[in-house]
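Input: a single structure, listed below in structure tokens.
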Amino acid sequence: MAEDPGNPEGRITTERRGRLLLIGIDRPHKLNGFTPKMLGELGRAYTGLEDDDEVWCGLLHAHGPHTTAGLDLPKVAPLMAEGVDLYGPDSVHPMDLHGRRRSKPLVAAVKGITYTIGIELMLACDVVIAADDCRFSQLEVKRNIMAAGGATIRMVERAGWGNAMHVLLTGCEFDADAALRYGFVQEVVPAGEELGRAIEIAEEICAQGPLAVRATIENSRTFVEQGFDAAVAAFGPTNRGLLRTEDAKEGVQSFIDKRPADFKGR
Amino acid sequence: MAEDPGNPEGRITTERRGRLLLIGIDRPHKLNGFTPKMLGELGRAYTGLEDDDEVWCGLLHAHGPHTTAGLDLPKVAPLMAEGVDLYGPDSVHPMDLHGRRRSKPLVAAVKGITYTIGIELMLACDVVIAADDCRFSQLEVKRNIMAAGGATIRMVERAGWGNAMHVLLTGCEFDADAALRYGFVQEVVPAGEELGRAIEIAEEICAQGPLAVRATIENSRTFVEQGFDAAVAAFGPTNRGLLRTEDAKEGVQSFIDKRPADFKGR
Amino acid sequence: MAEDPGNPEGRITTERRGRLLLIGIDRPHKLNGFTPKMLGELGRAYTGLEDDDEVWCGLLHAHGPHTTAGLDLPKVAPLMAEGVDLYGPDSVHPMDLHGRRRSKPLVAAVKGITYTIGIELMLACDVVIAADDCRFSQLEVKRNIMAAGGATIRMVERAGWGNAMHVLLTGCEFDADAALRYGFVQEVVPAGEELGRAIEIAEEICAQGPLAVRATIENSRTFVEQGFDAAVAAFGPTNRGLLRTEDAKEGVQSFIDKRPADFKGR
Chain A
1 MAEDPGNPEG RITTERRGRL LLIGIDRPHK LNGFTPKMLG ELGRAYTGLE
51 DDDEVWCGLL HAHGPHTTAG LDLPKVAPLM AEGVDLYGPD SVHPMDLHGR
101 RRSKPLVAAV KGITYTIGIE LMLACDVVIA ADDCRFSQLE VKRNIMAAGG
151 ATIRMVERAG WGNAMHVLLT GCEFDADAAL RYGFVQEVVP AGEELGRAIE
201 IAEEICAQGP LAVRATIENS RTFVEQGFDA AVAAFGPTNR GLLRTEDAKE
251 GVQSFIDKRP ADFKGR
Chain B
1 MAEDPGNPEG RITTERRGRL LLIGIDRPHK LNGFTPKMLG ELGRAYTGLE
51 DDDEVWCGLL HAHGPHTTAG LDLPKVAPLM AEGVDLYGPD SVHPMDLHGR
101 RRSKPLVAAV KGITYTIGIE LMLACDVVIA ADDCRFSQLE VKRNIMAAGG
151 ATIRMVERAG WGNAMHVLLT GCEFDADAAL RYGFVQEVVP AGEELGRAIE
201 IAEEICAQGP LAVRATIENS RTFVEQGFDA AVAAFGPTNR GLLRTEDAKE
251 GVQSFIDKRP ADFKGR
Chain C
1 MAEDPGNPEG RITTERRGRL LLIGIDRPHK LNGFTPKMLG ELGRAYTGLE
51 DDDEVWCGLL HAHGPHTTAG LDLPKVAPLM AEGVDLYGPD SVHPMDLHGR
101 RRSKPLVAAV KGITYTIGIE LMLACDVVIA ADDCRFSQLE VKRNIMAAGG
151 ATIRMVERAG WGNAMHVLLT GCEFDADAAL RYGFVQEVVP AGEELGRAIE
201 IAEEICAQGP LAVRATIENS RTFVEQGFDA AVAAFGPTNR GLLRTEDAKE
251 GVQSFIDKRP ADFKGR
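Chains as they are written, first to last, in this note's numbering: chain A, 1 to 266; chain B, 1 to 266; chain C, 1 to 266.
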């Protein structure tokens, strides 16, 4: 496939839409293969999502017919070998595995070819909407490397050992229905409708108390990462904090008034 | 909806049926909204289930067409704000998160509106039968609070991150089929049949060696709460203890005699 | 059922097929009930799989129409009561719970009656193919003992609490479709095709970089057994090790040459 002369190294687009930040993978002439430039921009986009108080939810999507064929290895591998942190050392890491973690909800819309880093980015989001033309493959084993962006953890967490091993150890291609059955995606829609549906869900999330949304993510993450007792121990302090917010008062008032709440995020 | 003058604050019913203890949520005129009185009675019912050696299995169900619309907040919130333990400080906590834990199996039958505490009570049971008219919603985020009765843990444990976040972060309503797919419920039956089917399963559990049933719950809980190695370490001691019981001898003898075992719980 | 005079205590067969080691449960006249002799041979077969550098993947299957009805208790129980390690003290334990662990991938093909140890052996594998005539039952509770070969852990890990408790606390029989829904098996095929399909998947696994396959199993196991942070911490060291192998060079070269990789396992 020819390079797009206007966008040879690709880019990450960002677009504000109300409380939403749309983050777009944009290098369709090369199946959205990630270049170092794109990885750096992706890290900055995630950091921007985190730092902008006006934004309450992120939405990861892709330009063109495919999510991504993966890393553009000839460009990326030399830098990886040098140990360069391609997302930027102070960035919110899009794989959400270590370092500065994201606190805001993230929805993903995926479609067509969704390979390797595409799956791992999607599994690092909270809710995923898949087009029915998705072709997933976590194919690192074909190159004798291990998926190191979270798939070895998150596939097991969602699908259980057997289903995770099936796709991890064979590197096989699987479709949207399989991904739904594995819990990797939450809904499958006709191709072309995945972004619209993802926006709908993201807006639904934005209509809830944003501090409670973030507290929920944090508590569930505490369970997954630190265990049952740690999550239980956080229930009391978390809700005492939430109850002191303006938004909690609005939550109760809107309930009494039988109207949707108008939250401020404080 | 009008109060029932004979039952204004609602109540929790208990009924012995052989080895079973049926625990019923009973305030149908108010969609079984939980009052402080009901929460206290619920704690005592769970404690009774635990303490009565003649009872081997509990069954949580609801009177009227719905499980529950949740807490009756105007009545409950002031006491919660004072930090009162509404289930009773020495009770077996129905959410089974801390304090005195239950050791006996619990089956739940749910139907119609099953919101917030209704879902969390059900997820704190072992097996759940759902009527096909169920309407589930974990809607705390609509009030800018966090579900603090176990949903942030148990939804992730059962359904995986994506499915759990979908329902937790939007507060959306979902039906019995979705709950089945998420592993929140184990069977969906036509509305009206859920209690009968739950009793059937509870009686099936009661026909097994009750000490082995409790040991199984404890071991799986050890895995979920303390991890793989702790659960494995308990295999030997647990089964050595079980093999010394009268019921283990009866288990072997009934196998030789090709008849159902007649267990005594010792 | 009459004993087979040529095979009264049963046996475990092993057969090399390229990079595959087929391990067969062989006592069909007694529904493949495991004798002490068979358990010892099973332990040696798993150890052989681990120790033979020429073999990259194991495949557990059964001779005759059934996987196994379980342990031949009259023969096995006395030795268990004495605390004999029936798999052999230095063996790779087929239940993969403690002691020397396996590092190589294992596929299982199950069919017909698949009870107790049959389920636990299958859940200790990575990928399971089930015939559509499977009859599963984890029936230890019927004898007032606890399943102590991993079911209390692995059923919860794959299916979530409710589904796991349903089958563990009732000892009920369930079929291949239920096992698929629970994630206990990965595919259901018409009876008679399960071994062929399992071989297909095992060969697909053998076509991937074998060191990356083992690293993937190890990393996911680290997540399940030691937690999220431990798994994340291993990403970097694991892939730096893999990138130094001959097979990683072959992986890249085969990608450039657009041909399947020819891995050597070093």
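Ideal Cβ positions, reconstructed from N, Cα and C, are used throughout, including at glycine.
| Asked | Found |
| --- | --- |
| Determine, using beta carbons only, whether residue 120(C) comes closer than 8 Å to chain A. | no |
| Quick one: Cα of residue 218(B) to Cα of residue 126(C), how far? | 26 Å |
| With 9 Å as the C-beta to C-beta threshold (strictly closer), list the residues of the segment 165-197 of chain B near chain A in chain order. | 165, 166, 168, 169, 170, 171, 172, 181 and 182 |
| So, at 8 Å on beta carbons, what are the nonlocal neighbours of residue 7(B) in its own chain, with the 5 sequence-adjacent residues on each side left out? | 26, 27 and 29 |
| Between the segment 55-74 of chain C and chain B, which residues of the former have a C-beta closer than 7 Å to a C-beta of the latter? | none |
| Taking 8 Å as the threshold (beta carbon to beta carbon), is residue 77(C) in contact with chain A? | no |
| What residues match up with residue 61(A) in a beta bridge as DSSP calls it? | 24(A) |
| Just list the residues that DSSP pairs residue 119(B) with in beta bridges. | Looking at the DSSP assignment, residue 119(B) forms no beta bridge with any residue, so it has no partner. |
| I need the DSSP call for residue 184(A), collapsed to helix, strand or coil. | coil |
| Can you tell me whether residue 223(C) is helix, strand or coil according to DSSP? | helix |
| Let me see if you follow: with CB-CB separation under 8 Å, is residue 150(B) close to chain C or not? | no |
| In whole angstroms, give me the CA-to-CA distance for residue 120(B) and residue 192(B). | 22 Å |
| What residue ranges within the segment 143-205 of chain B form continuous beta strand (DSSP E) runs of no fewer than 3 residues, ordered along the chain? | 173-175 and 187-189 |
| Beta-carbon within less than 7 Å of residue 44(B)'s beta-carbon, same chain only, minus the 5 sequence neighbours each way: which residues are those? | 88 and 91 |
| If you follow the beta strand (DSSP E) that residue 137(C) is in, where does it begin and where does it stop? | 135-137 |
| Can you tell me whether DSSP reads residue 124(C) as helix, strand or coil? | coil |
| At 7 Å on the CB atoms, spell out the chain B contacts of residue 97(C), in chain order. | 232 |
| How is the alpha helix (DSSP H) around residue 39(B) delimited, first residue to last? | 36-51 |
| For the segment 131-144 of chain B, enumerate the residues whose C-beta is nearer than 7 Å to any C-beta of chain A, in chain order. | 140, 141, 142, 143 and 144 |
| Report the neighbours of residue 53(C) on chain A: residues whose CB is nearer than 8 Å to its CB, in chain order. | Neighbours of residue 53(C) on chain A: none; closest Cβ ~16 Å, over 8 Å. |
| Helix, strand or coil for residue 245(A), going by three-state DSSP, please let me know. | coil |
| If you drop the 5 nearest sequence neighbours on each side, which residues of the same chain put their C-beta closer than 7 Å to that of residue 182(C)? | 158, 159 and 163 |
| Taking residue 204(C) as the query, report the chain A residues whose CB atoms sit under 9 Å from its CB, ordered along the chain. | 169, 170, 171 and 172 |
| Taking residue 67(A) and residue 113(A) to be in contact with their CB atoms under 8 Å, please state how far apart those CB atoms are, rounded to whole angstroms. | 7 Å |
| Quick check: what's the CA-CA separation for residue 20(A) versus residue 41(A)? | 18 Å |
| Give the residues of chain A in contact with residue 163(B), contact being defined as C-beta atoms less than 7 Å apart. | 183 and 186 |
| Would DSSP call residue 100(B) helix, strand or coil? | coil |
| For residue 194(B), is the classification buried or exposed, using 16 other Cβ atoms within 10 angstroms of its Cβ as the cut-off for buried? | buried |
| Is the number of C-beta pairs between the segment 129-144 of chain A and the segment 244-252 of chain C that are closer than 8 Å three or more? | yes |
| Under 8 Å between the Cβ atoms of residue 196(C) and residue 56(C)? | no |
| Ignore the nearest five residues each way along the sequence and tell me which others in residue 168(A)'s own chain have a CB closer than 8 Å to its CB. | 138, 141, 147, 151, 152 and 155 |
| Strictly under 8 Å for the Cβ-Cβ distance: is residue 261(B) near chain A by that measure? | no |
| When you compare each of 4(A), 259(A), 170(A) and 166(A) to residue 207(A) by their alpha carbons, which one comes out closest? | 259(A) |
| List, in order along the chain, the chain C residues whose C-beta lies closer than 8 Å to that of residue 105(B)? | 165 and 169 |
| State the Cα-Cα distance for the pair residue 223(B) and residue 37(A), rounded to the nearest angstrom. | 43 Å |
| Going along the chain, which residues of the segment 215-227 of chain A sit with their C-beta nearer than 8 Å to a C-beta in chain B? | 215, 216, 217, 219, 220, 223, 224 and 227 |
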